[in-house]
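Input: a single structure, listed below in structure tokens.
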């Protein structure tokens, strides 16, 4: 439906409709209540009067023909009657409406309102705006007037008049739209002008009127708005009135002496297919134009800076994913990288990246720098000639429309980086140098020390800086030494020499030092740098090498004479024992024989000490419990030290298992105890302690000169005179002694040290010049075994026998005496001077020989070990005793004995010989 007319006419029509509806409703009420006796209807042919009896028919005709919808509803809301207007409103015939519920034609919200009216007890008419939904789904807004009808009984009925509100609402909306349009026109930020078909301004909003003082309206557009342009083109209003659209972007108008920049747009105003006039908008762009002018000037300045900057500049287009693209590059980029600008623009920035493997990382850093707004990072560019240059990059994000851009400013730091890398390498070399490096100023105050200085001296960098190197003075060098040093330095020369300095903990150490002046560019001395190498370990190694060479020389000397010397001593001792047992010898003769025997024993012990010290003694290790070793020898130790000295033994609560030669460990313990006793001439206290220790670190292992691992310990402490620093340097050297002449050989501690090393252990001491000395022996710990972990079996009283013994000895004197000893005990003895002779006799007497008693070292190519092997292969039950004063091929090594084999060192007493023979035969 199209409704034409002005707002005023439509409003009047709506008011008339409302009046007619009210009159009809009032007439309906009056007729229904019986207040009307007749109805007069004016017609063109004359008035017609209906009396009361005909009023019902007239009333029905009136209802049927009225434009409003009329309904009669039951109390439950069923339609009992409806006129033609209702049928038209709902879009269906009356016979399909009557008998249906009115709620069926209402939306949910209106249904609730209808229910409320139907159950309400109010007698007064009720009005309600609601929406009818027709059969075709079309919605119709209506004003429903509800009135109760009198009815017989208790039943109620309602008369409902439905007034179509479509026209009313349209009229109201039209009024509202016109007001909105007028408000928009007046409140618009732009100047809006409406002209008629002749170009006269008939309407202008507030902004437009502010641009011109030409009033009143109507007035020609050109007169009201005298526009100027910078180009010959002008605003062609005539073209607009012909139906064209015209735009002018550089118009200027004078407003009270001030130019206002405008954009003018014009378009035709059409109505009923004809051009009724024109609508022209004038947009004030003065501020925008000024901003553009400033931007243009700024761009010119930026271009000048961009082009003439010493740093490389890139304008980068940054896609959401992928590598940025170069959109512009300045002259510095072309100069430093060697590319023409046209070769760079439009290419991905990865074209100039140095290493493709790093592109992802570089891109991540670049984007992170953009995100940080001016963040910096470094990268390497590849130049056109293949060379590379390093740059420090600052990236800033730019907002230039929807596309993301970034400005990259890159400073060439290639030369700076090379210098820094050179300095860094130098600094790294200094920091990581194995030499101690110290820098002092001209006053001698320390300005720098490297980590090696810290680890060597024990002083931290913080403690050392600002101090004078005098904090390291040991007192070893006199004043003249330092005066000479400084005199050399003050002449501008370098000084080199040997220094003995003192660590923070008081320990002395030795250094080879070179101190040189440091000069500035003008040649002036500004600092001194000292490069010092710790040679303490080297000097210690030199001393140890000399010591080792001394030990080796002594060992070679001892080994060279041990075999023959021990054979001589063996013959002497046996002869002395045999002679001493003769009946009828005078006392003086016996005394002389005892003196000879004692001297021979001392000679044998000296040889044994030399072999032990030089680690050439044959070892017979086995499983030992160190606690048992100490316990078994305790009584003898007490007799050795005498009653004036107290002996205290502190044993570890658990077994201390090790693998060692019991006799050698006894020797070490006796040497340490005797040494402790001699350090207490007036008596005192000796404490022997056993325990466990773990060498856990390489540093600790190096300090103790052992391997890392578990150890058992034997510690001997005394309360004697102690050891001075000068004595401590030589304490384990052979033949070094602090005792008076005749009181010691100087081999006791050297022998103990040699035995410890032979067992892959060590021995060290802790000195105190006031409270005595403590020596500690470390032996590798061993897992316990089923073998008895004790001391060698106690010798049994010598006993003889009738068995046959094959005696093999190359020394005739020793062989003769041995035959006498063995035969005196009842044994049958077969003699052989070498291995070949022994093999021959064994073949002849194989069935009768019970024991092979042979020297290890013999001539004729068959030694004692080989002889024993061959004979035991032929007779597995054969017992073997190996004897030797010294064996070069087994010197310092562990003597491995086979089944039914024993070892007896030379020289040995008759009782030891006979006891060993008896034990071997009785196995």
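Numbering (the working numbering), first residue to last: 1 to 923. For glycine and all other residues, C-beta sits at the position ideal for the given N, C-alpha and C. Here the structure is a predicted model, which is why all the values come from computation and not from measurement.
Check: Evaluate the contact criterion for the segment 306 to 319 versus the segment 246 to 261: three or more CB pairs, one atom per stretch, below 8 Å.; Outcome: no
Check: Mark residue 498 as exposed unless 16 or more other C-beta atoms lie within 10 angstroms of its C-beta, in which case mark it buried.; Outcome: exposed
Check: Just the C-alpha distance for residue 530 and residue 339, rounded to the nearest angstrom, thanks.; Outcome: 50 Å
Check: Does the contact criterion of 3 or more C-beta pairs under 8 Å hold for the segment 127 to 140 versus the segment 86 to 95?; Outcome: yes
Check: How many Å lie between residue 484 and residue 491 at the Cα?; Outcome: 11 Å
Check: For residue 432, report the span of its alpha helix (DSSP H) as first-last.; Outcome: 414 to 432
Check: Please name the residue, chosen from 778, 219, 681, 758, that lies closest to residue 704 on a Cα-to-Cα basis.; Outcome: 778
Check: DSSP on residue 66, reduced to helix/strand/coil?; Outcome: coil
Check: I need the boundaries of the beta strand (DSSP E) containing residue 448, first residue and last residue.; Outcome: 446 to 449
Check: What does the alpha-carbon distance come out to for the pair residue 377 and residue 512?; Outcome: 45 Å
Check: In whole angstroms, what separates the C-alpha of residue 903 from that of residue 883?; Outcome: 6 Å
Check: Just how far apart, CA to CA, sit residue 347 and residue 247?; Outcome: 39 Å
Check: Below 7 Å CB to CB, which residues in the same chain sit around residue 901 once its five sequence neighbours on both sides are set aside?; Outcome: 868, 880, 882
Check: Give the secondary structure of residue 126 by DSSP, where H, G and I count as helix, E and B as strand, and everything else as coil.; Outcome: strand
Check: Can you check whether the CB of residue 440 is closer than 8 Å to the CB of residue 474?; Outcome: no
Check: Report buried or exposed for residue 402, applying the criterion of at least 16 other Cβ atoms within 10 angstroms of its Cβ.; Outcome: exposed
Check: Roughly how many angstroms lie between the CA atoms of residue 600 and residue 454, to the nearest whole one?; Outcome: 58 Å
Check: Is the beta carbon of residue 281 less than 8 Å from the beta carbon of residue 265?; Outcome: yes
Check: Let's see if you can read the secondary structure: which residues bound the alpha helix (DSSP H) around residue 207?; Outcome: 206 to 211
Check: At the level of alpha carbons, what is the spacing between residue 682 and residue 764?; Outcome: 25 Å
Check: Rounded to the nearest angstrom, what separates residue 861 and residue 568 at their Cα positions?; Outcome: 23 Å
Check: Indicate whether the contact test is met: 3 or more Cβ pairs, each with one atom in the segment 674 to 691 and one in the segment 621 to 634, closer than 8 Å.; Outcome: yes
Check: CB-CB under 8 Å to residue 357, same chain, minus the five flanking residues each way: which ones, in chain order?; Outcome: Residue placement at residue 357 is poorly supported in this model, since its pLDDT is 43, which falls under 50; the coordinates still yield a value, given next. Same-chain partners within the cutoff: there are none.
Check: For residue 849, report the span of its beta strand (DSSP E) as first-last.; Outcome: Per DSSP, residue 849 belongs to no beta strand (DSSP E) and is neither H nor E.
Check: If you drop the 5 nearest sequence neighbours on each side, which residues of the same chain put their C-beta closer than 8 Å to that of residue 932?; Outcome: The question about residue 932 has no answer, for the chain in this structure spans 1 to 923.
Check: Please work out which residues of its chain come closer than 7 Å, Cβ to Cβ, to residue 476, disregarding the five sequence neighbours upstream and downstream, and give them in chain order.; Outcome: 500
Check: Are the beta-carbon atoms belonging to residue 160 and residue 73 less than 8 Å from one another?; Outcome: yes
Check: Determine whether the beta carbon atoms of residue 169 and residue 145 lie at a separation below 8 Å.; Outcome: no
Check: For residue 926, collect the residues of the same chain with a Cβ closer than 6 Å to its Cβ; drop the 5 residues on either side in sequence, then sort them by chain order.; Outcome: Since the first and last residues shown for the chain are 1 and 923, residue 926 lies out of range.
Check: Taking DSSP's pairing of strands, which residues face residue 829 in a bridge?; Outcome: 805
Check: Residue 158: which of 625, 80, 482 sits nearest, CA to CA?; Outcome: 80
Check: Helix or strand or just coil, what does DSSP make of residue 899?; Outcome: coil
Check: Am I right that residue 822 and residue 807 are in contact with their C-beta atoms under 8 Å? What's the rounded C-beta distance?; Outcome: 7 Å
Check: Assign residue 162 to buried or exposed, taking buried as 16 or more other Cβ atoms, counted over all protein chains shown, within 10 Å of its Cβ.; Outcome: buried
Check: Using only the alpha-carbon positions, how far apart do residue 659 and residue 539 sit?; Outcome: 34 Å
Check: Using 10 angstroms around the beta-carbon of residue 232, count the other beta-carbons present and answer buried if the total reaches 16, otherwise exposed.; Outcome: exposed
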